[in-house]
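Participant:
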Amino acid sequence: MAERVVDLPLSKRLALALDTPDLDSALDLVRRTRGAVGTYKVGLELFTSVGPQILKALRKEDVDVFLDLKLHDIPNTVTGAVHAAARHEVALLTVHASGGRAMLTAAQAALAGKTTVPGAGITRLLAVTALTHLTGNELSAIGFTGGPDDVVARLARLAKDAGLFGVVCSPEEAALVRRECGPELAIVTPGIRSRDASPARDDQARTATAFEAVRDGADIVVVGRPIRSAPDPAEAAARLLDEIAQGLQARA
Ligand code: C5P
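Residue numbers 48 to 299, in this note's numbering, belong to the letters of the sequence shown in order.
1. Out of curiosity, what's the CA-to-CA distance linking residue 259 and residue 199?
2. Does the distance from the C-beta atom of residue 74 to that of residue 89 stay below 8 Å?
3. If contacts are defined as beta-carbon pairs under 8 Å, then residue 150 and residue 129 qualify, I think. What distance do you get, rounded to the angstrom?
4. Report buried or exposed for residue 231, applying the criterion of at least 16 other Cβ atoms within 10 angstroms of its Cβ.
5. Would you call the segment 49 to 66 and the segment 275 to 295 in contact, with 3 or more CB pairs under 8 Å?
6. Give the list of continuous alpha helix (DSSP H) stretches no shorter than 4 residues that lie fully inside the segment 142 to 181.
7. Apply the 10 Å Cβ neighbour rule to residue 239 and answer buried if 16 or more other Cβ atoms are within range, or exposed otherwise.
8. Can you give the beta carbon distance from residue 166 to residue 135, rounded, assuming they're within the 8 Å contact cut?
9. Should residue 100 go down as buried or exposed, given a rule of 16 or more other Cβ atoms within 10 Å for buried?
10. On the DSSP bridge assignment, give the partners of residue 111 in chain order.
11. Considering only the alpha carbon of each residue, which of 51, 209, 72 and 81 lies closest to residue 62?
12. Work out the CA separation of residue 174 and residue 164 for me, nearest whole Å.
13. Can you tell which of 257, 236 and 235 has the C-alpha that lies nearest to the C-alpha of residue 243?
14. Taking Cβ positions, are residue 205 and residue 155 nearer each other than 8 Å?
15. I want to check one thing, is the minimum distance from the CB of residue 179 to the heavy atoms of the ligand C5P below 7 Å?
16. Is it the case that the CB of residue 195 approaches a heavy atom of the ligand C5P more closely than 7 Å?
17. Would you identify the three-state DSSP class for residue 213, choosing helix, strand or coil?
18. Look up residue 269 in the DSSP assignment and give the residues it is bridged to.
19. Who are the near neighbours of residue 161 in its chain, counting only those whose CB is closer than 8 Å to its CB and skipping five residues on each side?
20. Taking the continuous beta strand (DSSP E) assigned at residue 233, which residues delimit it?
21. Cβ-heavy atom distance between residue 171 and the ligand C5P below 7 Å?
22. CB residue 111 to CB residue 86, shorter than 8 Å?
23. For residue 207, does the count of other Cβ atoms within 10 angstroms reach 16, so buried, or fall short, so exposed?
24. Look at the alpha carbon of residue 147 and the alpha carbon of residue 133, and state the distance between them as a whole number of angstroms.
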C-alpha cells in the first residue's frame, strides 16, 4: 500500500470483498478478476473458515490484501492482533473507531516507531466509523447521539487524531469526512451499488455508485455482491474501474 493515499494506482482503488466460504471459491474469483482488481478484502466469513492460509495464497498472487476483521477490544488485545496481521504483510486492516481513543492509539503504535514486527511498515490501519447497514434509527437505538453524519464525523476525527491511515464510511458521508478531516486521510467506502441496482441494495442502507463515491472523496471503494453476482465478474470489475477513473477526474 502506498504511503500516501493520493499515490494509489487505479487498480488498488477497487477492493473486491471475497465474502466466500472457502479457499477455492475465493481464489477462483481472484483469478477471474485479477486484471482489474488490485486489492482483495478478506472478511470475517472467509478468515474464520480458512484462516491465514488465504493471506498467504493472496500474497502469492501479488495483490494487496485488505484484512477486514473490524477489531474492537481492549488496547492490549488489539495490539497483539495488529502485530499478527502485520506479520502476514496485509496492506490494510480494520479496527472499529468506536473502540475509543486508547484502543486506536495502541493499534497505531503497534505499527509505528521501533517495532521489530516484520510487515509493520506495510500495514495501514483503517477505522470503521458507522457500518453502512445502520440507519439513523438504529444508530440511536445503540446509543449514538446525533444522526449518521454526526456519528461518522466524530469517529473519523478520532481516527485521524490517533494517526490512522484512513476510515471506512458510507459513500453518503465521504464528502463530509473529507471536509472535516482534510486531504491526507484515506476514505474507504463500501455500500456501492449501480443506479439500476441490480443486484438491489441488499442489506446496505446508505449506498451510492462508485463514480459518486469517488467524486465525493472516496479513495478506495469496496465492492462485493455487485461483482461476485455479476454474470461476468471481470467485466463488472472493469466497468467499476472506469467509474472510479471518471470519479477522480470529476473531483478536480
Ligand atoms: O456485497 P457488498 O458490496 O455489500 O459488500 C460490502 C463489503 O464491505 C462487505 O464485505 C462488508 O463486510 C464490508 N463493509 C460494509 N460496511 C462497512 C464496513 C465494511 O459493508 N461499514
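Built from N, CA and C at the ideal position, the CB exists for glycine as well.
Facilitator: Based on what the coordinates show:
1. Rounded to whole angstroms, the separation of the alpha carbons of residue 199 and residue 259 is 18 Å.
2. Contact check for residue 74 against residue 89 fails: the beta carbons are separated by 8 Å or more.
3. So it is not a contact: roughly 10 Å between Cβ atoms.
4. exposed
5. In short, these stretches touch, since the Cβ pair count reaches three.
6. 148 to 156
7. buried
8. 7 Å
9. exposed
10. 86
11. Among 51, 209, 72 and 81, the Cα nearest to that of residue 62 belongs to 81.
12. 21 Å
13. 257
14. Contact: no.
15. yes
16. no
17. strand
18. 62
19. none
20. Counting along the chain, the unbroken beta strand (DSSP E) around residue 233 starts and ends at 233 to 236.
21. No, the Cβ of residue 171 stays beyond 7 Å of every heavy atom of the ligand C5P.
22. Cβ distance < 8 Å, so residue 111 and residue 86 count as in contact.
23. Residue 207 counts as buried, since at least 16 other C-beta atoms from the protein chains shown sit within 10 angstroms of its C-beta.
24. 21 Å
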